[in-house]
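Enquirer: Let me begin by handing over the structure; questions about it come next.
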Amino acid sequence: MTITQLFNVSNLFVLPFWALMILLPNWGVTKKVMESHLPFIALALLYIYFFVGAITPESAQALSSPQLSDLARAFSDEAVMATGWTHFLVMDLFVGRWIYWEGQRTAVWTLHSLILCLFAGPVGLLSHLVTAWIARRFSGASQTGDQLSVTSDQ
4 MTITQLFNVS NLFVLPFWAL MILLPNWGVT KKVMESHLPF IALALLYIYF FVGAITPESA
64 QALSSPQLSD LARAFSDEAV MATGWTHFLV MDLFVGRWIY WEGQRTAVWT LHSLILCLFA
124 GPVGLLSHLV TAWIARRFSG ASQTGDQLSV TSDQ
């Protein structure tokens, strides 16, 4: 497969996981699928493949002492951009999964945060943190749940 084909497959690969979390969050199949680490392993392996292929003396130098102009030049290379994009895909999905499980654990509404996380990971994370804070504030629940816990055994 070409780098473009792998890039396209990686974009499609994450969509079923997002669809399950957003559209069918309480379905037993969704919970079972989201317990698995296999999607992250697959994406991490693809990331490693892209990363190894993207390392050139120029890209290594740009990453070793990041200057905006050097990084911009490095990311103009398709292999480097595919690596960076796969990084976004795996990390956004990981954060989305955490938001999903936190919503399941605390019964806090997550639809908006998951959609935001799909398109802009940090915005979705912030949205969920604010939503969870508001939910705790108005429910009168204790403030002991402020810690971030990333667990998959819920």
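The sequence shown begins at 4 in our numbering and counts up one residue at a time. Glycine residues also receive a C-beta, built at the ideal position from the N, C-alpha and C atoms.
I need the straight-line Cα distance from Trp21 to Leu121, nearest angstrom please.
Expert: Going by the C-alpha atoms only, they are around 7 Å apart.
Enquirer: Can you give me the Cβ contacts of Glu81 inside the same chain, cut-off strictly under 7 Å, excluding the 5 residues immediately before and after it?
Expert: These residues qualify, in order along the chain: Ile6.
Enquirer: Can you look up Gly56 in the DSSP assignment and give me helix, strand or coil?
Expert: The answer is helix: DSSP assigns Gly56 an H, G or I state.
Enquirer: In three-state terms, what does DSSP make of Asp156?
Expert: Note that Asp156 scores 43 on pLDDT, short of 50, meaning its location in the model is unreliable; the coordinates nonetheless yield the value given after this. Three-state DSSP puts Asp156 in coil, outside helix and strand.
Enquirer: Could you have a look at Asn1 and say whether DSSP puts it in helix, strand or coil?
Expert: Residue 1 falls outside the range modelled here, since the chain spans only 4 to 157, and no answer is possible.
Enquirer: Taking the alpha carbon of Ser79 as the point to measure from, which residue in Asp95, Ser62, Leu92 has its own alpha carbon closest?
Expert: Residue Ser62 is the option with its Cα nearest to Ser79.
Enquirer: Just checking, does the segment 34–43 make contact with the segment 52–59 on the three C-beta pairs under 8 Å criterion?
Expert: Flag = no, the segment 34–43 and the segment 52–59 do not touch.
Enquirer: Would Val111 and Ala47 qualify as a contact pair, given that the criterion is a beta-carbon distance under 8 Å?
Expert: For Val111 and Ala47, no; Cβs fall outside 8 Å.
Enquirer: State the CB to CB distance for the pair Leu117 and Gly127, rounded to an integer number of angstroms; the pair is presumed to be in contact (CB under 8 Å).
Expert: Contact flag correct, Cβ pair sits at about 7 Å.
Enquirer: Between the beta-carbon of Ala57 and the beta-carbon of Ala65, is there less than 8 Å?
Expert: Not a contact, by the Cβ cut-off of 8 Å.
Enquirer: Give the straight-line distance between the Cα atoms of Ser72 and Ser142, rounded to the nearest whole angstrom.
Expert: Cα to Cα, Ser72 sits roughly 48 Å from Ser142.
Enquirer: Locate the alpha helix (DSSP H) running through Ser130, then write down its first and last residues.
Expert: Start and end: 124–142.
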